[in-house]
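Residue numbers (full-length UniProt numbering): 1 to 215.
Worksheet: the structure to be examined is printed underneath.
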């Protein structure tokens, strides 16, 4: 994302509403945890580019609600194989918000979102870089990816992390998890991770340090 997006108070307000709503309807027992994460990624990309949600409904609040529901529905369609679960999610969303926009309204907003994304649906998210960095590390016995993934999910609640590259968020999450769980491990994992960047310079090092400090 552009750096100015992370400092946009209007975007932050929109984003907090979306995060609160996704958290309220998320059921980890029946839903893929990546669904709300990818939904917010779509949200960030659209709002950082256009500042406001695409317009489908006249009522501004209802249109915003339709927008966050549509981001979630697109993400669900990419991640969920069980369309019965997907239908239940969408029905719950409409009932919770007492909205009856119908399939036509939902599809119209989805199309506007896809056009805003230039149909680029492939997600470059921090999770994709975690196995890449871990492959080059000699990890302490008992270390798993779970705490790293939890840190990455946690960062999504703070709009300031959108200014960092996904690879930086992944690397920072690994370093923070190792420092917290294995504080006495003498391995210089920071140097190893920095060496895996194709174009390493002082900017990358400074960005990594800033991201870790925020975590």
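Using N, Cα and C, we set each Cβ at its ideal position, and we do this for glycine too.
List in chain order: all unbroken alpha helix (DSSP H) runs of 4+ residues lying wholly within the segment 116-179. Within the segment 116-179, the complete alpha helix (DSSP H) runs of at least 4 residues are 130-134, 146-155.
Can the beta-carbon of residue 71 be found less than 8 Å from the beta-carbon of residue 113? Closer than 8 Å, so yes.
Under 8 Å, do residue 162 and residue 20 count as touching if we go by C-beta distance? With contacts defined as CB atoms closer than 8 Å, residue 162 and residue 20 fail to qualify as a contacting pair.
Does residue 60 come out as helix, strand or coil in the three-state DSSP assignment? In the displayed model, residue 60 falls within a helix according to three-state DSSP.
Where residue 188 sits in the DSSP three-state scheme: If DSSP states are grouped into helix, strand and coil, residue 188 belongs with coil.
When the Cβ atoms of the segment 164-173 are set against those of the segment 111-128, are three or more pairs found closer than 8 Å? Enough Cβ pairs lie closer than 8 Å, so yes.
Quick check on this structure: which residue in 22, 79, 215, 33 has the alpha carbon closest to the alpha carbon of residue 67? The residue with the shortest Cα to Cα distance from residue 67 is 22.
Can you tell me which of the three DSSP states residue 29 falls into? The answer is coil: DSSP assigns residue 29 none of H, G, I, E or B.
For residue 79, name the three-state secondary structure that DSSP assigns. Secondary structure at residue 79: helix, using DSSP grouped into helix, strand and coil.
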